[in-house]
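> Pasting a structure here, questions to come.
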Amino acid sequence: MRLFALLLLLCCSMQSYSQDCNYTLQGTLQDFHDSSTLAGATIVVAQTGRAVQTDVEGNFTISSLCKSTYQLQISHPYCSTKVFTVQIPADTIKTFTLEHHLEALNEIIVNGNSSSRQTKTLFENTINQETISDFSGASLGDALNSISGVSSLNTGNAVVKPIINGLHSSRIVLINNGVRMQDQQWGAEHAPTIDINTAGSIKVIKGAGALQYGGNAIGGVIITQAPKIPLLDSLYGKTTLSGSSNGRGGVVSSRVTKSHENGWYTSLQGTLKRFGDFQSPNYILSNTGVFERTFAYRLGYNRIDYGVDAYYSYFRNEIGILRASHIAGAEDQVQAISSDVPLIINDFTYAIGNPRQDVAHHLARIKGFKKIKGLGRVTLQYDFQQNNRLEYDVRRAQQQDKASVDLNLKTHTLKVDLKSDISDNLTISTGVNTDYQTNYANPNTGVRRLIPDYTKYDFGAYLSGDYSISSRWLLEAGFRFDYTYMDAFKFYRKSFWESRGYDTQFADLVVQEYGNQVLTNPKLCFKNPSFTLGSTYNFADTYTLFANYSMASRAPNASELFSEGLHHSASRMELGDLQFDSEIAHKVSVTLQQKGKRFDFTIMPYSNSIDNFILIEPTGIQQTIRGNFQVWEYRQTQAQIFGIDVDATISVFDNLSFNHQFSLVKGYDLLKNQALINMPASSTQNSLVYTHPKFYNLKIRLLSNFVFAQNEYPNTNFEVVLPQSIQTVDISTPPDAYHLLNFNTSVDVSSSLHLGVSVNNVFNTPYRNYLNRLRYYADDLGRNISIQLQFNY
Amino acid sequence: MILVETFQFNYNSIIKSITMKLVQLNSINPFKLKTMKTMKTGAFYALLTLAMLGCSDDDTTPEVINDEELITTVILTLTPDSGDQVVLTTIDLDGDGPDEPVTTVVGSFSENTQYQGAVQFLNETEDPAEDITQEVIEEADEHQVFYTISDGLNITTTYVDFDDNDNPLGVQITLSTGAASEGSLTVTLRHEPVKPNDGLESAGGETDISTSFDVSIQ
């Protein structure tokens, strides 16, 4: 009898072999929002009762599965336990995305690829909460700088504008908490108005593939997302205190969140940042203080199939601009550039004098979603933004307290999006948005408007979808159309209006003449299609290949169209052109990613070919009663940009790893056959990281940052006749290469107290950066020692 | 305006199409009626707000701004104890615009003569013209007028007016000529220069005026 039973069992087991019960499911568990891996989650196979756990990298393997359908139960400390169904047709590799954000409460999405991605065929870089905390005292731009292929266009050290693969300003779309920021990004000295401490994670997409956010992201998209709120009855918070030696200031940032299991949640966040004059290695950078105040409030209610989320944030930042950089024409430029040290160095102070910027940004957003059976998930969002920018110049005394620039930009946006899972393999997203924007330039400045008053309407619609051909191979395609109508009131100087021939060409635009100025009413209309096509392929277990082609088009901005006169912060005349067409970019990017046990790498070559690329370049010298000024005119050309970004991590030992980053970008003006101006120089970052989790979670990092000298640049030098000599003004030669060493270490003193110490520019190396607009006047920052305390409660 | 009306029309049609969609959905899915109604009302009001905003303040034109701190005119009047005045004038009415400044020299200097000089800065886009010279004198410690003589021109200038710290201002000068010669005389007004200084080259500050005159001593 026993023998019979044994034989029977053997037969069964043999039969099960013949039924193909030797399949393996290799899974990775990721966080829905920042794609960070979830370690320590338990996966139970309902049919067999077998349980496995995810490892440190969020991976798990279940072997000996049959060709069948299984129920998997995944539980993780931060999430509610959930059961769901997986089909096993063969050996299967799946990424499981665990969403514990309340928007899609209790939902675990099982998909061939992580569905949290904004685009599935463009590689996304992510900055997680921990890195964001490290940059608590710095700006969004500084944090983004830690990503390969992302650099920054700076005005001093407080105004930091991100550059993605060589492109910046209006060519980058910034999404803050689901809202497309409208904060006057047309200006080279206008930094994004976002407090980095409000973000839970930051994503960078180096391309225009994420069509739901707009079709004009020729450079790329930056997405900041609020921290996720768990579905628990809980009250928790975090306070970060940091102090820095350079600037003798610090930051206090605090966030308190109350959540309920029934779906209600509320969160309050505030940041205060105060610095005095910063210091270069050898002198004080007079008038470079910063005073930032931000506040954000969030309230929401979420159920599994519907929810509402309201968000309001206020951002205000006062930034001093290096006093020695405030100069007039070419004569002053000669003096400033020829002097090794800034011409004005005062004693350290916290006071912020002129020139300075005072920027306030209000953002209010309400959105709701509803899952409708047979249709999908519908999201409706309305947001309002108001951006008020005040710039103060050094003026004669009665006018010191009067802003020279006072622009108020208001934007209303309404959008509806629909995401449908048509089948297991096919997902379709579609949506429409409409924007209404007004710009108002306050006439009380007593300075002619740099940006005219205008009203702008935008209408956009998109359709995109992705299709999984197999568990390894996915295709994605999308199309978008944007219509922009701009109705502007622009005062031209009559002399300029006539010198351009506009008086005959655009005579019908004239509304009225006022002395030596003419008021005109240009009405411009732009139609911009955009398109994306891509594919993702997984192979050899650990490799993923992303390939994407995107066509994006961008309407010219107000500065490119209407500039006409002296741009004070650049000491030059800037002239726009009413007749510009939209820029059209064709970007092809390929990414090879390898996630191994000891060796990870990502290699990302790209090519971006841009028709009607708008650039500004010097075209001559203009004589005025204030001396000579160089004239820079906007022009459209055919541009070609290509480059490569490399990231690699080697785990030398279990607790020692080596990270490498390299970025190279080259840009050319094909019509003039010369290099494009202001392209970032190649750079490489290498770091050694030592971690000892058992000893207070100790982390030590040594980072070397080497920036090469830019060797390709257009020669924009010019000669100027001074009272006693003729001088060449060298404004184009890039600064030398430099190397900076940074050190930081952190420990978890207790579960609620995290302590970090960092030293930037350890050797106090004097350097100047090609993409810092104040490089002519002063060295960049010297050594900075900072201490950070983080309390979790 | 016609275009604005078109947009209003568009909004209406959008509202209509969304409403119709929602009605259709409601009929399919009667359980969700209440939520749908809320959404519909929300969408309607949001679109209505936009439509109303779309037709506001379109017929008002913005106010013209004339640069307040503009200096259009420099007049340097040089008066000898006896003999003819020399008047040097530069006018640039379009400020930063493309028209070049117009420079005129009335009279010529006599050999070995002392002149009392006074410079005047005006903004002639205002009516009546605004005299900026007064502001410069009031803020003497933040300003200095420099006079630069080209090589070979036998002219020397000396300051006769000073600020509260006894540093030169240069609105009033004494100009002395030597033997017959030709060359250029440059007037430079600097705002917030380093004071005291060793001359224009090292003074720094921001140039408010820089204008050259071709002059001769006969």
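Here the protein sequences line up with chains A and B, keeping their order.
Everything in the first sequence is counted per our numbering, starting at 1 for the first residue and increasing by one.
Everything in the second sequence is counted per our numbering, starting at 794 for the first residue and increasing by one.
No residue lacks a Cβ here, since even glycine has one placed at the ideal position from N, Cα and C.
Taking 8 Å as the CB-CB cut-off, is residue 138(A) touching chain B?
It does not: the Cβ of residue 138(A) has no partner Cβ on chain B nearer than 8 Å.
> Check whether the stretch 674–683 of chain A and the stretch 706–715 of chain A touch, using three or more Cβ-Cβ pairs below 8 Å as the test.
Touching, per the Cβ criterion.
> With residue 860(B) and residue 448(A) assumed to form a contact (beta carbons below 8 Å), what rounded beta-carbon distance in angstroms separates them?
6 Å between Cβ atoms; contact.
> Could you check what DSSP says for residue 496(A) in three-state terms: helix, strand or coil?
Looking at residue 496(A) - three-state DSSP - the assignment turns out to be helix.
> With a CB to CB cut of under 7 Å and the five nearest residues on each side skipped, what residues in its chain are close to residue 665(A)?
Around residue 665(A): 165, 166, 641, 643, 679 and 680.
> Using a cut-off of 7 Å between C-beta atoms, extract the partners of residue 335(A) located in chain B.
Within 7 Å Cβ-Cβ: 997.
> Of all the options 639(A), 550(A) and 442(A), which has the alpha carbon lying nearest to the alpha carbon of residue 206(A)?
Among 639(A), 550(A) and 442(A), the Cα nearest to that of residue 206(A) is on 550(A).
> Applying the 10 Å Cβ sphere with the 16-neighbour rule, what's the burial state of residue 123(A)?
Classification of residue 123(A): buried, given that the 10 Å Cβ count is 16 or more.
> Is the CB of residue 446(A) under 8 Å away from at least one CB in chain B?
So, interface residue.
> With a cut-off of 8 Å, does the C-beta of residue 867(B) fall near any C-beta of chain A?
Yes, residue 867(B) lies at the interface with chain A (some Cβ there is under 8 Å from its Cβ).
> Taking 8 Å as the threshold (beta carbon to beta carbon), is residue 428(A) in contact with chain B?
Not closer than 8 Å to any Cβ of chain B, the Cβ of residue 428(A) fails to qualify, so no.
> For chain B, check one thing: does any of its Cβ atoms lie closer than 8 Å to the Cβ of residue 453(A)?
Yes, because at least one Cβ of chain B sits closer than 8 Å to the Cβ of residue 453(A).
> Where residue 226(A) and residue 196(A) are concerned, what is the direct C-alpha to C-alpha distance, given to the nearest angstrom?
Straight-line Cα distance between these residues: approximately 10 Å.
> Which residues does DSSP list as the beta-bridge partners of residue 617(A)?
According to DSSP, residue 617(A) bridges with 633(A).
> Considering only C-alpha positions, which residue in the set 562(A), 547(A), 542(A) and 372(A) is nearest to residue 522(A)?
Ranking the options by Cα distance to residue 522(A), first place goes to 562(A).
> Under 8 Å between C-beta atoms, does residue 573(A) make it to chain B?
Yes, its Cβ sits closer than 8 Å to a Cβ of chain B.
> For residue 529(A), I'd like the list of residues in its chain whose CB is within less than 6 Å of its CB, leaving aside the five on either flank, ordered along the chain.
The answer, listed in chain order, is 481.
> Name the two residues that bound the continuous alpha helix (DSSP H) containing residue 140(A).
Counting along the chain, the alpha helix (DSSP H) containing residue 140(A) begins and ends at 140–144.
> Is DSSP giving residue 829(B) helix, strand or coil here?
Note that residue 829(B) scores a pLDDT of 48, beneath 50, so its modelled location is shaky; the value from the coordinates is reported in the next line. Three-state DSSP puts residue 829(B) in a helix.
> Under 8 Å between the Cβ atoms of residue 126(A) and residue 198(A)?
No, Cβ-Cβ distance for residue 126(A) and residue 198(A) is not below 8 Å.
> Do you know how far the Cα of residue 159(A) is from the Cα of residue 776(A)?
For residue 776(A) and residue 159(A), the distance between alpha carbons rounds to 16 Å.
> Taking only three categories from DSSP, how would you classify residue 168(A)?
In this structure, residue 168(A) counts as coil in the three-state DSSP scheme.
> Would you list the one or two residues that DSSP bridges to residue 1009(B)?
Per DSSP, 975(B).
> Which stretch, first to last residue, makes up the alpha helix (DSSP H) that contains residue 955(B)?
Segment: none, residue 955(B) is in no alpha helix (DSSP H) and carries neither H nor E.
> If residue 419(A) and residue 429(A) are in contact, beta carbons under 8 Å, what's the gap, nearest whole angstrom?
Correct: roughly 5 Å between the Cβ atoms.
> Quick check: the Cα distance between residue 128(A) and residue 147(A), rounded to an integer number of angstroms?
Taking the straight line from one Cα to the other gives about 12 Å.
> DSSP puts residue 486(A) in a beta bridge; with which residues?
In the DSSP output, where bridge partners are listed per residue, residue 486(A) has 456(A) and 524(A).
> In chain B, which residues lie less than 8 Å from residue 458(A) when you measure between Cβ atoms?
Those do not exist, as residue 458(A) stays about 11 Å from chain B at its closest Cβ, beyond 8 Å.
> Which bits of chain B does residue 591(A) rub up against, with CB to CB less than 8 Å?
Chain B residues near residue 591(A): none, gap ~38 Å exceeds 8 Å.
> What does a CB cutoff of less than 6 Å around residue 328(A) pick up in its chain, not counting 5 residues either side in sequence?
Contacts found: 626.
> Are the Cβ atoms of residue 210(A) and residue 628(A) separated by less than 8 Å?
No, they are not a contact pair.
> Is there contact here, the stretch 588–595 of chain A with the stretch 695–705 of chain A, by at least three beta-carbon pairs under 8 Å?
Short answer: they don't touch.
> Classify residue 288(A) as buried or exposed, calling it buried when 16 or more other Cβ atoms lie within 10 Å of its own Cβ.
Flag for residue 288(A) reads buried.
> Hey, out of 385(A), 574(A) and 140(A), whose CA is closest to residue 201(A)'s CA?
The option with the nearest alpha carbon to residue 201(A) is 140(A).
> Let me make sure I understand the geometry here. Which of 132(A), 39(A) and 65(A) has the alpha-carbon closest to that of residue 97(A)?
Cα-wise, what sits closest to residue 97(A) is 39(A).
> What's the call for residue 894(B), buried or exposed, on a 16-neighbour Cβ count within 10 Å?
Counting Cβ neighbours within 10 Å, residue 894(B) comes out buried, since at least 16 surround it.
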